[in-house]
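Novice: Before I ask anything, let me first share the structure, which is written out below as structure tokens.
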Amino acid sequence: MLFAVAGMAVNIVLSFVLFLRLGPAGIPLAASFSGWLNAGLLILWLKWKASFSFDASVYELTMTLCRGGSLVRTSRSPMCD
31 MLFAVAGMAV
41 NIVLSFVLFL
51 RLGPAGIPLA
61 ASFSGWLNAG
71 LLILWLKWKA
81 SFSFDASVYE
91 LTMTLCRGGS
101 LVRTSRSPMC
111 D
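This is the structure in structure tokens:
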């Protein structure tokens, strides 16, 4: 529950800061960042409690997703013209 409160606090603070700098686009960016922060804190806590570990398939899947994401990002869509 402590991580949820920390994520919510980060979300509120970042929402105000990013809204002033980026306008309405800052609010979902803040929500995304706080969600990743919450997930990262939970993973670190579970690893510290020795209740969680990654196996080789997770690393392989992560690298595949990163490669696919970089291909999508660098390709131009005909709808963008």
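Going by this note's numbering, the sequence shown opens with residue 31, and the numbers climb by one from there. Glycine included, each C-beta is placed from N, C-alpha and C at the ideal position.
#1: Go through the stretch 51-100 residue by residue and report every complete run of the alpha helix (DSSP H) that reaches 4 residues or more, in order.
#2: Where does M38 fall in DSSP's three states?
#3: When the Cβ atoms of the stretch 59-66 are set against those of the stretch 31-43, are three or more pairs found closer than 8 Å?
#4: Express the C-alpha separation of L59 and F49 in angstroms, rounding to a whole number.
Specialist: From the atom records:
#1: 56-78
#2: helix
#3: yes
#4: 9 Å
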